[in-house]
Amino acid sequence: APEASGRKWEQKQVQIKTLEGEFSVTMWASDDKK
Amino acid sequence: VKSKTVIPVKGFDWGRYIGTGDINGAPVGCFKHVPMGTSWGDLAEGVRVEVPNTDSGLPMKVYWIAGVIKLAGNKALLRYEGFDGDSGRDFWCNICVPDIHPVGWCAAGGKPLVPPKSIQHKCTNWKAFLVKCLTGAKTLPIDFSTKVQQSMQFPFKKLMRVEVVDKTHLCRTRVALVEQVIGGRLRLVYEECEDGSDDFWCHMYSPLIHSIGWSRGIGHRFKRSDVSKKLDGQVDAPGQLFAKVKDVDQSGEWFKDGMKLEAIDPLNLSAICVATVRKVLADGYLMIGIDGSEAADGSDWFCYHSTSPSIFPAGFCEINTIELTPPRGYTKLPFRWFDYLRETGSVAAPVKLFNKEVPNHGFRPGMKLEAVDLMEPRLVCVATVTRIVHRLLRIHFDGWEDEYDQWVDCESPDLYPVGWCQLTGYQLQPPAVLGEFYWD
Numbered sequence: 082a083p084e085a086s087g088r089k090w091e092q093k094q095v096q097i098k099t100l101e102g103e104f105s106v107t108m109w110a111s112d113d114k115k
Numbered sequence: 015v016k017s018k019t020v021i022p023v024k025g026f027d028w029g030r031y032i033g034t035g036d037i038n039g040a041p042v043g044c045f046k047h048v049p050m051g052t053s054w055g056d057l058a059e060g061v062r063v064e065v066p067n068t069d070s071g072l073p074m075k076v077y078w079i080a081g082v083i084k085l086a087g088n089k090a091l092l093r094y095e096g097f098d099g100d101s102g103r104d105f106w107c108n109i110c111v112p113d114i115h116p117v118g119w120c121a122a123g124g125k126p127l128v129p130p131k132s133i134q135h136k137c138t139n140w141k142a143f144l145v146k147c148l149t150g151a152k153t154l155p156i157d158f159s160t161k162v163q164q165s166m167q168f169p170f171k172k173l174m175r176v177e178v179v180d181k182t183h184l185c186r187t188r189v190a191l192v193e194q195v196i197g198g199r200l201r202l203v204y205e206e207c208e209d210g211s212d213d214f215w216c217h218m219y220s221p222l223i224h225s226i227g228w229s230r231g232i233g234h235r236f237k238r239s240d241v242s243k244k245l246d247g248q249v250d251a252p253g254q255l256f257a258k259v260k261d262v263d264q265s266g267e268w269f270k271d272g273m274k275l276e277a278i279d280p281l282n283l284s285a286i287c288v289a290t291v292r293k294v295l296a297d298g299y300l301m302i303g304i305d306g307s308e309a310a311d312g313s314d315w316f317c318y319h320s321t322s323p324s325i326f327p328a329g330f331c332e333i334n335t336i337e338l339t340p341p342r343g344y345t346k347l348p349f350r351w352f353d354y355l356r357e358t359g360s361v362a363a364p365v366k367l368f369n370k371e372v373p374n375h376g377f378r379p380g381m382k383l384e385a386v387d388l389m390e391p392r393l394v395c396v397a398t399v400t401r402i403v404h405r406l407l408r409i410h411f412d413g414w415e416d417e418y419d420q421w422v423d424c425e426s427p428d429l430y431p432v433g434w435c436q437l438t439g440y441q442l443q444p445p446a447v448l449g450e451f452y453w454d
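Residue numbers (my numbering), protein chains in the order written: chain P, 82 to 115; chain S, 15 to 454.
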């Protein structure tokens with residue numbers, strides 16, 4: 082996981098579209114609501 | 015008082031100026047009063063974003079993924095995915111502009127990602143490439159651009175009335191009207207000025223502005239105007255819009271008239287001077303005079319709150335190896351507080367009455383930023399933090415002599431991250447002397 086900090090990082094399934102087609106990857110996105 | 019000449023120019027390129035080496039911009043998180051200042055979080059090197067692909071060879075606008083190589087305030091040095099260790103096409107952009115998106119934004123809008131033409135030949139399976147480089151990486155929160163927009167809403171509006179320090183008589187305030195709001199900075203026009211030319215710039219959280227009635231409430235001098243009635247549309251700015259000061263207990267040991275201290279000279283912010291408490295006002299406010307430079311009528315006294323980070327106990331400069339400006343005309347140098355107090359029959363203000371809080375501000379010497387020239391407060395200039403003493407920053411204006419330097423508190427609303435002017439539409443004053451290299 083990304084380094085510990087005051088912010089909550091969440092794993093997200095992120096959709097990617099290329100000319101070859103669509104797929105998803107797992108990325109970290111920070112959640113500001115914390 | 016020295017002041018700079020405005021250089022009305024556009025096109026100064028912060029990116030080229032900062033470069034890829036050891037020069038750094040102060041992080042956005044150092045500036046709590048700016049857009050995204052409290053929600054910048056861990057946006058750092060390595061974060062991936064979707065950005066316009068300027069090398070697609072296609073007639074329509076398409077996007078590709080880039081990674082943050084270096085951050086300087088709001089600006090980021092980006093590198094398109096696929097360039098690996100090749101920095102030749104790296105580019106700077108402001109991460110808060112509308113065309114920077116979290117990864118996933120293109121797919122949500124049905125737009126395909128298209129790799130730059132110059133690397134299309136490098137890979138036969140872009141899907142596998144992207145899965146490999148994006149899995150486990152960080153991106154922006156999905157609502158990043160909404161947050162940027164929200165953080166750029168400011169509660170002060172045109173025609174709101176405030177009380178503000180009279181720039182020609184620091185000892186008093188006047189009523190002024192908000193004429194313009196840019197990035198939270200207010201252009202205030204003093205009431206009774208017909209043509210709008212008698213103005214004053216400050217940030218909405220400046221300690222120099224207050225709600226209507228503040229001066230009367232604390233016993234501060236005030237220049238009454240002959241305007242008896244508010245004109246259409248004018249409204250007193252609500253009290254909750256102004257920066258709050260800490261409550262203080264004045265009932266016990268407190269500042270007294272005649273007590274000595276050290277204070278930043280508001281007419282020469284490069285200097286910390288020997289000063290005197292001239293009048294104790296209500297709610298923790300003090301009128302301070304700079305020793306040796308005071309007008310007989312007290313017209314150049316100025317108001318600091320007792321918790322202000324711009325006043326210090328006697329001995330602060332000596333302890334911190336800062337040059338203390340002795341009273342003008344005082345010849346017994348080097349200046350010694352012990353002798354001076356004895357000679358003037360005065361006492362030093364007790365150390366315990368001063369604000370000793372030092373926030374974990376994050377500034378480091380050498381960091382670049384955009385800073386207001388407080389001698390000409392409509393100017394926001396390219397600047398560098400050159401020294402840090404507890405919470406006090408020495409701000410140097412790039413390209414200008416050191417005598418223009420200013421002591422500024424780390425939480426001053428007159429300091430901004432690299433890219434703030436671009437983001438808010440404020441004119442940035444570039445360094446005084448520059449080669450063509452730094453111009454866009």
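Every residue gets a Cβ at the ideal spot worked out from N, C-alpha and C, and that includes glycine.
message: Nearest by alpha-carbon distance to I302/S: which of A385/S, E390/S, I325/S is it?
response: Among A385/S, E390/S, I325/S, the Cα nearest to that of I302/S belongs to I325/S.
- prompt: Would you say G118/S faces chain P, with C-beta separation under 8 Å as the test?
  reply: It does: the Cβ of G118/S has a partner Cβ on chain P nearer than 8 Å.
query: Skipping 5 residues on each side, what residues in its chain have a beta carbon closer than 7 Å to that of S313/S?
result: Result list for S313/S: H183, C185, in chain order.
field: Distance, F368/S Cα to E332/S Cα
entry: So the alpha carbons of these two residues sit roughly 16 Å apart.
field: Residues bridged to V192/S [DSSP beta-bridge criterion]
entry: The bridge partners DSSP lists for V192/S are L202/S.
message: Looking at the secondary structure, which residues open and close the alpha helix (DSSP H) in which C435/S lies?
response: 434 to 438
message: Using a 10 Å radius around the Cβ and a threshold of 16 neighbouring Cβ atoms, would you call L100/P buried or exposed?
response: exposed
message: Helix, strand or coil, according to DSSP, for K16/S in the structure here?
response: Annotation note: pLDDT 49 at K16/S (below 50); position unreliable, coordinate value reported separately. Of the three classes helix, strand and coil, the one that applies to K16/S here is coil, per DSSP.
field: Buried or exposed by the 16-neighbour rule on C-beta atoms within 10 Å, applied to V241/S
entry: exposed
field: chain P contact residues for A289/S, given Cβ-Cβ distances below 8 Å
entry: Near A289/S there are no residues of chain P at all, since even the closest Cβ is about 39 Å away, more than 8 Å.
message: According to DSSP, C216/S sits in a beta bridge with which residue or residues?
response: L200/S
- prompt: Going by C-alpha distance, which of G33/S, A40/S, V249/S, Q254/S is nearest I409/S?
  reply: Ranking G33/S, A40/S, V249/S, Q254/S by CA distance to the CA of I409/S puts A40/S first.
message: Considering only DSSP beta bridges, list what K84/S is partnered with.
response: Residue pairing from DSSP places K84/S in a beta bridge opposite L91/S.
- prompt: Going straight from the alpha carbon of V79/S to that of P379/S, what length do you get?
  reply: Val is not the amino acid found at residue 79/S; the sequence shown has Ile there. Their backbone Cα atoms lie some 33 Å apart in a straight line.
message: Just to confirm the assignment: which complete beta strand (DSSP E) runs, minimum length 3, are found wholly within the region 64 to 152 of chain S?
response: 77 to 86, 89 to 94, 105 to 108
task: Report back the beta-carbon spacing between S225/S and F256/S to the nearest angstrom; my notes put them in contact at under 8 Å.
output: With a contact defined as Cβ atoms closer than 8 Å, S225/S and F256/S qualify at about 6 Å.
query: So, does the CB of A455/S fall closer than 8 Å to a CB anywhere in chain P?
result: Summary: the structure shown does not reach residue 455/S, with chain S confined to residues 15 through 454, and so no result is reported for it.
field: Residue range of the unbroken beta strand (DSSP E) whose run includes D6/S
entry: Residue 6/S falls outside the range modelled here, since chain S spans only 15 to 454, and no answer is possible.
- prompt: Which residues mark the beginning and the end of the alpha helix (DSSP H) in which F352/S is found?
  reply: 351 to 358
message: Does A397/S come out as helix, strand or coil in the three-state DSSP assignment?
response: strand
message: Measuring only the C-alpha atoms, how far is V447/S from S220/S?
response: Looking at the two C-alpha atoms, the distance is approximately 30 Å.
message: If the criterion is Cβ atoms closer than 8 Å, does the pair D305/S and A328/S meet it?
response: no
field: CA-to-CA distance, F45/S to G33/S, given in whole angstroms
entry: 22 Å
task: Assuming V162/S contacts P49/S (C-beta within less than 8 Å), just tell me the rounded distance between them.
output: The Cβ separation is near 6 Å, so the contact holds.
message: Taking 8 Å as the threshold (beta carbon to beta carbon), is T153/S in contact with chain P?
response: yes
task: Could you check what DSSP says for S239/S in three-state terms: helix, strand or coil?
output: coil
message: Let me check one thing: in DSSP terms, what residues is A110/P bridge-paired to?
response: E91/P, T153/S
- request: State the DSSP-derived secondary structure class of D36/S, mapped to helix, strand or coil.
  value: coil
- prompt: What did DSSP end up calling A277/S once you bin it into helix, strand or coil?
  reply: strand
- prompt: For chain P, is any of its Cβ atoms less than 8 Å away from the one on W268/S?
  reply: Chain P contact via Cβ: absent.
- prompt: Are the region 130 to 146 of chain S and the region 56 to 71 of chain S touching, with three or more C-beta to C-beta distances below 8 Å?
  reply: yes
- prompt: Among all the DSSP beta bridges, which residues are the ones paired with F104/P?
  reply: I97/P
message: When you compare the region 275 to 289 of chain S with the region 200 to 216 of chain S, are there three or more beta-carbon pairs, one atom per stretch, that lie closer than 8 Å?
response: no
field: Secondary structure of T160/S, DSSP reduced to three states
entry: helix
query: Based on the DSSP output, what are the partners of L442/S in its beta bridges?
result: V394/S
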